[in-house]
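Peer 1: Quick one: this structure, given as structure tokens, is what I'll be asking you about.
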Amino acid sequence: MTAHRGFTLIEMILVIVVLGVIAIVAAPKFLSVSRDANVATIKQVAAGLEQLTDSIYAKAVIQHKHKVSNESVVINGVNINTYFGAPQEIWNNALGNLMEGDFSYVGNGYYDLGSSLVSSYQCQQRLCVIDQTPGSYVNNSIQGWGLFIFPKGYRLQDGCYAYYAFAENGSQVTEKVSAWVVQGC
2 MTAHRGFTLI EMILVIVVLG VIAIVAAPKF LSVSRDANVA TIKQVAAGLE
52 QLTDSIYAKA VIQHKHKVSN ESVVINGVNI NTYFGAPQEI WNNALGNLME
102 GDFSYVGNGY YDLGSSLVSS YQCQQRLCVI DQTPGSYVNN SIQGWGLFIF
152 PKGYRLQDGC YAYYAFAENG SQVTEKVSAW VVQGC
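Numbering (my numbering), first residue to last: 2 to 186.
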């Protein structure tokens, strides 16, 4: 008869140490892949917002509505309210109907959520949208009103979002920007 022999304690410890070293070396690479995916998603969303808002502005110019406040333009059957050609930052029943993607509308940042909940709300879906929000609720450098899109597991205060914002002074748009913030992704 042959005796069955198992692993010795030293062999088990050696295997655990080797697996631990592999995990330590591999974990940062996997974390980096996740960050890279979030950054790429945010940048693509920001580019989509910019393309969409630019096409709405072009439509307003063609219809001679870019020099007046509170005018509506129709794109693909969707009414978009504009201020001097810049689309208002309304997602639900407006800009959201013109962008494709897996977006979850959270609400209106000014009326529904308020300043404290806007930046602390944690996204539970693939991409969350908060619209009609004073830019200062999220970042003091964002002027006017904005629409913010951020990925699952993040809050706006984390610094991982795409946004569209514009400001007007009653006679013209003073700032219109689609951009991203990714330092916290």
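Just so you know, even glycine gets a beta-carbon here, dropped at the ideal spot from N, CA and C.
Indicate the three-state DSSP secondary structure (helix, strand or coil) for L148 in the structure shown.
Peer 2: As a working note, residue 148 is residue 147 in the sequence shown. Strand at L148.
Peer 1: My assumption, with CB atoms under 8 Å, is that A180 sits in contact with Y155. Please give the rounded CB distance.
Peer 2: In the sequence shown, counting from the first residue as 1, residue 180 sits at position 179. In the sequence shown, counting from the first residue as 1, residue 155 sits at position 154. Their Cβ separation, rounded to whole angstroms, is 17 Å, which puts A180 and Y155 out of contact at 8 Å.
Peer 1: Please classify L99: does DSSP put it in a helix, a strand, or coil?
Peer 2: The residue you call residue 99 lines up with position 98 of the sequence shown. DSSP places L99 in coil when its eight states are reduced to three.
Peer 1: Comparing C-alpha positions only, which one of C129, K68 and L96 sits nearest to L53?
Peer 2: On the sequence shown, position 52 is the one that residue 53 refers to. Ranking the options by Cα distance to L53, first place goes to L96.
Peer 1: Using the rule of at least 16 other Cβ atoms within 10 Å of the residue's Cβ for burial, across every protein chain shown, is D132 buried or exposed?
Peer 2: Here residue 132 refers to the residue found at position 131 when the sequence shown is read from its first residue. Under this definition D132 is a buried residue.
Peer 1: Would you kindly work out how many angstroms separate the C-alpha atoms of N39 and C129, rounded to a whole number?
Peer 2: Mapped onto the sequence shown, residue 39 falls at position 38. Mapped onto the sequence shown, residue 129 falls at position 128. Distance between the alpha carbons of N39 and C129 is about 13 Å.
Peer 1: DSSP state of I131, grouped into three classes?
Peer 2: Here residue 131 corresponds to residue number 130 of the sequence shown, with the count starting at 1. Here I131 sits in strand by DSSP.
Peer 1: Based on the DSSP output, what are the partners of G7 in its beta bridges?
Peer 2: Locating residue 7 in the sequence shown gives position 6, counting from the first residue. DSSP, once it has assigned bridges, lists no residue as partnering G7.
Peer 1: For the beta strand (DSSP E) holding V183, just list the boundary residues, first then last.
Peer 2: Taking the sequence shown and counting its residues from 1, the one referred to as residue 183 is at position 182. Taken as a continuous stretch (DSSP letters only), V183 belongs to no beta strand (DSSP E), as it is neither H nor E.
Peer 1: What does a CB cutoff of less than 8 Å around E90 pick up in its chain, not counting 5 residues either side in sequence?
Peer 2: Position 89 of the sequence shown holds residue 90. Here the set comprises L96, D132, Q133, T134, W146, G147, L148, Y165, A166 and F167.
Peer 1: Please identify the residue among E176, V62 and D103 whose C-alpha is closest to the C-alpha of I143.
Peer 2: Taking the sequence shown and counting its residues from 1, one reaches residue 143 at position 142. I143 has its Cα closest to that of E176, out of E176, V62 and D103.
Peer 1: Taking only three categories from DSSP, how would you classify E169?
Peer 2: Looking up residue 169 in the sequence shown gives position 168. Three-state result, E169: strand.
Peer 1: Please classify E1: does DSSP put it in a helix, a strand, or coil?
Peer 2: With the chain covering 2 to 186 only, the question about residue 1 has no answer from this structure.
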